[in-house]
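Participant: Handing you this structure, nothing more for now.
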Amino acid sequence: MPHQNFIAGEWVDAQNGTTDSVLNPATGESIADVPASGAADVDAAVAAAKEAFGTWRTATPRARSEALLAVADAVEADLDTIKQLEMENCGKPAGMIEFEMDLTIDNWRFFAAGARNLSGLAAGEYLEDHTSYLRRDPIGVVGSIAPWNYPINMATWKLGPALAAGNTVVLKPSELTPMTALRLAEITADILPKGVLNVITGDGKSAGDALVRHPGVAMVSLTGSVETGKAIARSAADSLKRVHLELGGKAPVIIFDDADIEAAIAILTDMSYYNSGQDCTAPCRLMAGPRVFDDLVSGLTESVGQIVTGDPFAEGTAMGPVISARQRERVSGMVSRAVEAGAEVTVGGSEIDGPGFFYQPSVVVNPAQDSEIVQREVFGPVVTVQRFSDDAQALAWANDVNYGLSASVWTSDVGRAMRMTAALDFGCVWVNDHIPIVSEMPHGGFKQSGYGKDMSIYAIEAYTELKHVMIKH
Ligand code: NAD
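Mapping the sequence shown onto the numbering used here, position 79 (from 1) lands on 1454, and the numbers just tick up by one.
Here's what the structure looks like:
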C-alpha cells in the first residue's frame, strides 16, 4: 500500500516532501511514514474533488448506490488486511475488532440503500396555479476530518452519507491513525471515479485547518474533540460553510436500586473498557442508588480487576493500550488529580510499565460532581462511580455536564425508564444496556457534543441542501 496522499486517483507525496511517523501504540515503534500535508496538498485535493463533483452529482441514485455496494464488497474482501492495519495502528485486540468491522460493512450497505431513499414533502399545488416540489441536492466538496479511535469506521460514517447524497470528499484521517483510510483509497480506486474520494494525511494545524478554510470546500464534517469542534466552527464561520460536528461525550449511567445489578456489572465491565475506554459513548460516569451502590462498587472492582490487558495480538487479550503517550499522560493526570481531590481508586489507577502506552482498567469512587474527572472526558479505561440519593438528584447530576452524546438508565420500572429517557439531554439513551448501535438509527449529540447526525437516513439528509422548486402555470 502506498504511504502517500491519494488525489485525483493518483498517489503523491506532500508537495513540500515532509512526512510524519505513524506509531504502533502497543510497542511505541514506528510502522510507517506518511505525508505531512499542507495547504498546497489540500488545494490539489479540493481541485480534484471539485472536478469530480460535476459528474458524481448527476450520477443516478442507482449508480451511486451500486458503487457504494461495491465499496462494501471490497472492504469485506479485504477485511484481513484492514483488521491487521487497524490492530497495529490502534492496538485493538482481535477479540473486540470484529464488531467494528461488521458495522463498517453494514454501514456501507445501509448508505448504499439510502442513496435511493431520500424523502421530502409530496409535490403539490400549495398555492393556486403553482406547483411546488422539493429536491435534495448535494452540497459540493465535503472536507471530512476523522479521529483516531475507530479510524475505518469513522471514515465510513463520513464518506458513506456524503457520497450517497452526491457530494465528493477530501478525507483527512487523524495524524495518529491514517493507515486504513489509505487502504480504503487503494481498494476503492477502481470503483469510485477519480476525484470522488481523495485522502490527504497530516495534522490538524496544517492539513486540517487548510481544509476547513479552503473556499472550494462547501461543508466540513468533523468527528473529534469539543475543542477542535469549536476551532473548526470558528474558522468555518468566515465563509459560512456548513459544519457537521460529532464531538466528545461523558455518558451518565444511572443505576437505580431496582436494577439488575449482576447484568449491569457484566455489561459495564465489557463496554466501559471496550477500545480502552476511547469511545465517545463509553459508559464512564456511573451513578448508583443508595441501596445498590456498595454492591455495584465491589462487584465492578472485582470484575474490572480481571480484565486481561496487554498485547493486542495475544489470544485472550480484552484490552490493549491507549493511542499515544500523550493520551496516557492525560488519563494518568486526571486520575491523580481525582485522588488528590478526595476520590478513591478501588482498582487500577496506574500506568503499566514496558513498551507501549498501557494504562490499567480503573474504577474511581466518590468523586465530587463538580470535579474534573466527572465534568471532563477522560477518553481512557476509567470509570467514576457516584452515589445518588433519589431520582431527582440522579437526573440533575446526569444532565449537569456540557456534553450530551449518550446516557443509560438501569431499572426494572418501565414508568421510571420512560420519565428518565424523556428528561435526559442526550442524543441517545439506552435502557438496561449501553453502547449497541445500528446503521438505521442516528448517532449524534446534544449541547457541546455537537450537531448533525451520523448513520441513519438523517445523516444522508445532513449532506444535502433542500431546494424548493415552484412552477407557475
Ligand atoms: P481531535 O479533536 O484531537 O482530532 C480530530 C481530528 O481533527 C483529527 O483528524 C485532527 O487532526 C483534526 N484537527 C485537530 N485540530 C484541528 C483544527 N484546528 N482544524 C482542523 N482539523 C483539526 O480528536 P481525537 O483526539 O482524534 O479524537 C478523540 C475525540 O473524538 C474525543 O473527544 C471523542 O469523544 C471524539 N469522538 C466523537 C465521536 C462522536 O461520534 N461524537 C466519535 C469518536 C470520537
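Ideal placement from N, C-alpha and C gives every residue a C-beta, glycine not left out.
Quick caveat: nothing in here was measured; it's all calculated off a predicted structure.
Return the first residue and the last residue of the alpha helix (DSSP H) that V1813 is part of.
Facilitator: Here residue 1813 refers to the residue found at position 438 when the sequence shown is read from its first residue. Taken as a continuous stretch (DSSP letters only), V1813 belongs to no alpha helix (DSSP H), as it is neither H nor E.
Participant: Span of the alpha helix (DSSP H) holding T1531?
Facilitator: Here the question's residue 1531 lines up with position 156 in the sequence shown. Element bounds for T1531: P1526 to A1539.
Participant: Runs of 4 residues minimum, wholly inside the region 1683-1760: which ones carry the alpha helix (DSSP H) assignment?
Facilitator: Segments of the alpha helix (DSSP H) lying fully in the region 1683-1760: 1700-1715 and 1747-1750.
Participant: Would you grab the beta carbon distance between A1657 and R1762 for me? Rounded to a whole angstrom, and I think it's under 8 Å.
Facilitator: For the purposes of this step, residue 1657 is taken as the residue at position 282 of the sequence shown. For the purposes of this step, residue 1762 is taken as the residue at position 387 of the sequence shown. No, A1657 and R1762 are not in contact; Cβ-Cβ is about 21 Å, not under 8 Å.
Participant: What number of angstroms, rounded off, separates the C-alpha of A1556 from the C-alpha of R1491?
Facilitator: Translated into the one-based positions of the sequence shown, residue 1556 becomes position 181. Translated into the one-based positions of the sequence shown, residue 1491 becomes position 116. In a straight line, the C-alpha of A1556 is about 26 Å away from that of R1491.
Participant: Is N1464 near ligand 1 - that is, is its Cβ less than 6 Å away from at least one heavy atom of it?
Facilitator: In the sequence shown, counting from the first residue as 1, residue 1464 sits at position 89. No - ligand 1 has no heavy atom lying nearer than 6 Å to the Cβ of N1464.
Participant: By how many angstroms is the C-alpha of D1632 removed from the C-alpha of E1385?
Facilitator: Numbered from its first residue, the sequence shown carries residue 1385 at position 10. Numbered from its first residue, the sequence shown carries residue 1632 at position 257. Between E1385 and D1632, the C-alpha separation is close to 60 Å.
Participant: For ligand 1, I want to know if E1550 counts as a neighbour, meaning its beta carbon is within less than 6 Å of at least one of the ligand's heavy atoms.
Facilitator: Here residue 1550 refers to the residue found at position 175 of the sequence shown. Yes - ligand 1 has a heavy atom lying nearer than 6 Å to the Cβ of E1550.
Participant: One question on the structure: do L1780 and G1624 come within less than 7 Å of each other, judged by their Cβ atoms?
Facilitator: One-based indexing of the sequence shown puts residue 1780 at position 405. One-based indexing of the sequence shown puts residue 1624 at position 249. Cβ distance < 7 Å, so L1780 and G1624 count as in contact.
Participant: Between the alpha carbons of N1391 and S1699, how many angstroms are there, rounded?
Facilitator: Position 16 of the sequence shown, counting from 1, holds the residue named residue 1391. Position 324 of the sequence shown, counting from 1, holds the residue named residue 1699. Approximately 26 Å between the Cα atoms of the pair.
Participant: Excluding five sequence neighbours on each side, which residues of the same chain lie with their C-beta closer than 7 Å to the C-beta of D1419?
Facilitator: Mapped onto the sequence shown, residue 1419 falls at position 44. The sequence given here has Ala at residue 1419, not Asp. Closer than 7 Å at the Cβ level, and outside the excluded window around A1419, lie I1382.
Participant: If you count every other CB in all the chains shown that lies within 10 Å of the CB of G1708, and 16 or more means buried, which is it?
Facilitator: Translated into the one-based positions of the sequence shown, residue 1708 becomes position 333. G1708 comes out exposed.
Participant: Suppose only complete runs of 4+ residues qualify. What are the alpha helix (DSSP H) ranges in the region 1432-1456, listed by chain order?
Facilitator: Taking only runs of at least 4 residues, the alpha helix (DSSP H) segments lying wholly in the region 1432-1456 are 1436-1452.
Participant: From the DSSP output, in three-state form, read off A1521 for me.
Facilitator: Taking the sequence shown and counting its residues from 1, one reaches residue 1521 at position 146. It is coil, neither helix nor strand.
Participant: Identify the residues that DSSP records as bridge partners of H1843: which are they?
Facilitator: Position 468 of the sequence shown, counting from 1, holds the residue named residue 1843. Note: H1843 sits in a beta bridge opposite L1509.
Participant: Let's test the definition: count the other Cβ atoms within 10 Å of the Cβ of M1795 and tell me whether it reaches 16, buried, or not, exposed.
Facilitator: Residue mapping note: residue 1795 aligns to position 420 of the sequence shown, counting from 1. By the neighbour-count rule (16 or more Cβ atoms within 10 Å), M1795 is buried.
Participant: Excluding five sequence neighbours on each side, which residues of the same chain lie with their C-beta closer than 8 Å to the C-beta of S1764?
Facilitator: The residue labelled residue 1764 in the question sits at position 389 within the sequence shown. Closer than 8 Å at Cβ, skipping near neighbours: P1665.
Participant: In angstroms with no decimal places, state the Cα-to-Cα distance between R1705 and V1753.
Facilitator: In the sequence shown, the residue the question calls residue 1705 occupies position 330. In the sequence shown, the residue the question calls residue 1753 occupies position 378. Taking the straight line from one Cα to the other gives about 7 Å.
Participant: By how many angstroms is the C-alpha of R1588 removed from the C-alpha of V1697?
Facilitator: Position 322 of the sequence shown holds residue 1697. Position 213 of the sequence shown holds residue 1588. The straight-line gap from Cα to Cα measures roughly 31 Å.
Participant: If the criterion is Cβ atoms closer than 7 Å, does the pair P1756 and T1402 meet it?
Facilitator: Stepping through the sequence shown from its first residue, residue 1756 is reached at position 381. Stepping through the sequence shown from its first residue, residue 1402 is reached at position 27. Taking 7 Å as the Cβ cut-off, P1756 and T1402 do not qualify as a contacting pair.
Participant: What are the boundary residues of the alpha helix (DSSP H) that V1545 is part of?
Facilitator: For the purposes of this step, residue 1545 is taken as residue 170 along the sequence shown, with counting starting at 1. V1545 -> not in any alpha helix (DSSP H); beta strand (DSSP E) instead, spanning T1543 to K1547.
Participant: Let me confirm a value: P1468 is counted as buried when at least 16 other C-beta atoms fall within 10 Å, else exposed. Which label applies?
Facilitator: Along the sequence shown, one-based indexing puts residue 1468 at 93. Per the 10 Å Cβ criterion, buried.
Participant: Nearest-angstrom Cα distance between D1775 and I1520?
Facilitator: If you number the sequence shown from 1, residue 1775 lands on position 400. If you number the sequence shown from 1, residue 1520 lands on position 145. If I take the Cα positions, the gap works out to 29 Å.
Participant: Where in the region 1641-1683 do unbroken runs of the beta strand (DSSP E), each at least 3 residues long, occur, reported from the N-terminal end onward?
Facilitator: Here the runs fully enclosed are 1658-1663.
Participant: Under three-state DSSP, which class holds L1398?
Facilitator: On the sequence shown, residue 1398 is found 23 positions in, with the first residue counted as 1. Reduced to three states, the DSSP call for L1398 is strand.
Participant: Mapping the DSSP letters down to three states, classify F1801 as helix, strand or coil.
Facilitator: Taking the sequence shown and counting its residues from 1, one reaches residue 1801 at position 426. DSSP places F1801 in coil when its eight states are reduced to three.
Participant: So V1545 and V1571 are in contact, right, with Cβ under 8 Å, and what is the actual spacing, rounded?
Facilitator: Position 170 of the sequence shown, counting from 1, holds the residue named residue 1545. Position 196 of the sequence shown, counting from 1, holds the residue named residue 1571. Contact flag wrong, Cβ pair sits at about 11 Å.
Participant: At a cut-off of 6 Å, is S1746 close to ligand 1 when judged by its beta-carbon and the heavy atoms of the ligand?
Facilitator: Numbered from its first residue, the sequence shown carries residue 1746 at position 371. Not so, every heavy atom of ligand 1 lies at least 6 Å from the Cβ.
Participant: Should T1644 and V1679 be called a contact, given that it needs their Cβ atoms to be closer than 7 Å?
Facilitator: Position 269 of the sequence shown, counted from the start, is the residue given in the question as residue 1644. Position 304 of the sequence shown, counted from the start, is the residue given in the question as residue 1679. Closer than 7 Å, so yes.
Participant: Can you list, in chain order, the residues of its chain with a C-beta nearer than 7 Å to that of T1721? Leave out the 5 residues immediately preceding and following it.
Facilitator: On the sequence shown, residue 1721 is found 346 positions in, with the first residue counted as 1. Result list for T1721: V1672, T1676, V1738 and V1740, in chain order.
Participant: Taking the continuous beta strand (DSSP E) assigned at L1620, which residues delimit it?
Facilitator: Along the sequence shown, read from residue 1 onward, the residue named residue 1620 stands at position 245. R1617 to E1621 is the extent of the beta strand (DSSP E) around L1620.
Participant: With which residues is N1339 paired in a DSSP beta bridge?
Facilitator: Since the first residue of the chain shown is 1376 and the last is 1848, residue 1339 is not available in this structure.
Participant: Based on Cα-Cα distance, which residue from I1636, A1389 and V1595 lies nearest to S1610?
Facilitator: Taking the first residue of the sequence shown as 1, we reach residue 1610 at position 235. Closest by alpha carbon: V1595.
Participant: With H, G and I counted as helix, E and B as strand and the rest as coil, what does DSSP make of L1502?
Facilitator: In the sequence shown, residue 1502 corresponds to position 127, counting from 1. Here L1502 sits in strand by DSSP.
Participant: Please say whether A1585 and V1417 have beta carbons closer to each other than 7 Å?
Facilitator: Taking the sequence shown and counting its residues from 1, one reaches residue 1417 at position 42. Taking the sequence shown and counting its residues from 1, one reaches residue 1585 at position 210. Going by C-beta atoms, V1417 is nearer than 7 Å to A1585.
Participant: Would you call the region 1495-1504 in contact with the region 1452-1468, where contact means no fewer than 3 C-beta pairs closer than 8 Å?
Facilitator: These segments do not touch.
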